[in-house]
Amino acid sequence: MGCKGKHDHGCICDAVEQILAEQEAVEEIVGCSTSCYSNLLNPASAPGRDTIPFIVFDKKGDLFKAFGNVGGFKGDMTCFKTIFFRVERLENCCATLSLLRPIDECGDTHHVSDPCDPDFFALEKTDFCVEVDLDCFCAIQCLSPELVCRTFDKKHSK
C-alpha cells in the first residue's frame, strides 16, 4: 500500500523501474539532469558508469537507511550505515537494493545521515543488499552517478 492508500504501485516503483532500465541499457533521454527519469548514465559524459545512486524517504519524510557488513565478517570493511542505494532487481514493486558505502576523501567508511554532510565524498558499490517494498516510500531522489567511485582531485583540496 502506498502513501495515499493506493493498492496499485505508485511513482516510486515507476522511478526505480526507470533507474533499473537505464542501468541495464544506457539510452538518451532528455530532461532534468538529476531527475530519476532522465538519462543520468549518458555514455558521452563518462563511459563505464553503471550505477544511478539514489535516496528514498519514508512516509514521515525521514531518509531510509540500511546497514552493511554487520559484525564485520566480510573482508577488512567495517560495519557501515548508508542512506544510498543502487537497484539490482525489481518485481511487483519489491526491489533488491544494494547498499552503497559512503566514504570520505581518504576512502574510509563515513557514516552519513545527511547527504549534505561536508565529510561525505563518494560512494562505493558493495555486495550487501536489502529487500524493500517500494510502496512504503513517498519520495525518491536520484543522485549523480559521478559519486560512485569518485576519485580525489588534489587541485580541489586547495
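With UniProt numbering, letter number 91 in the sequence shown gets 91, and the count goes up by one each step, no holes.
For glycine and all other residues, C-beta sits at the position ideal for the given N, C-alpha and C.
Computed from a prediction, not measured in an experiment: that's the story for all the values here.
Helix, strand or coil at residue i according to DSSP, with G and I counted as helix
| i | result |
| --- | --- |
| Pro53 | coil |
| Cys116 | coil |
| Asp14 | helix |
Span separating the alpha-carbon of residue i from that of residue j
| i | j | result |
| --- | --- | --- |
| Asp117 | Ile103 | 11 Å |
| residue 168 | Glu22 | A question about residue 168 goes unanswered here, because the residues of the chain that appear run from 1 up to 158. |
| Thr78 | Gln18 | 32 Å |
| Leu99 | Gly10 | 23 Å |
| Asp14 | Phe85 | 16 Å |
| Leu123 | Gln141 | 15 Å |
| Pro53 | Gly71 | 25 Å |
| Phe121 | Phe80 | 15 Å |
| Asp108 | Lys74 | 15 Å |
| Val148 | Lys59 | 27 Å |
| Ile55 | Leu20 | 14 Å |
| Leu63 | His110 | 16 Å |
| Asn69 | Arg49 | 25 Å |
| Val16 | Ser144 | 15 Å |
| Leu90 | Glu131 | 10 Å |
| Asp119 | Arg101 | 14 Å |
| Cys94 | Glu146 | 26 Å |
| Thr151 | Lys125 | 14 Å |
Environment of residue i [buried if 16+ CB atoms lie within 10 Å]
| i | result |
| --- | --- |
| Glu88 | exposed |
| Asp135 | buried |
| Ser113 | exposed |
| Cys106 | exposed |
| His156 | Per-residue confidence for His156 stands at a pLDDT of 47, beneath the threshold of 50, marking its modelled position as unreliable; the derived number appears in the next sentence. Result: exposed. |
| Phe67 | exposed |
| Thr51 | buried |
| Thr82 | buried |
CB contact below 8 Å: residue i versus chain C
| i | result |
| --- | --- |
| Thr96 | No chain C appears in this structure, which consists of one protein chain only. |
Can you give, in chain order, each stretch of the beta strand (DSSP E) that sits fully within the region 65 to 151 and has at least 3 residues? Taking only runs of at least 3 residues, the beta strand (DSSP E) segments lying wholly in the region 65 to 151 are 66 to 68, 80 to 82, 85 to 91, 94 to 103, 122 to 133, 137 to 142.
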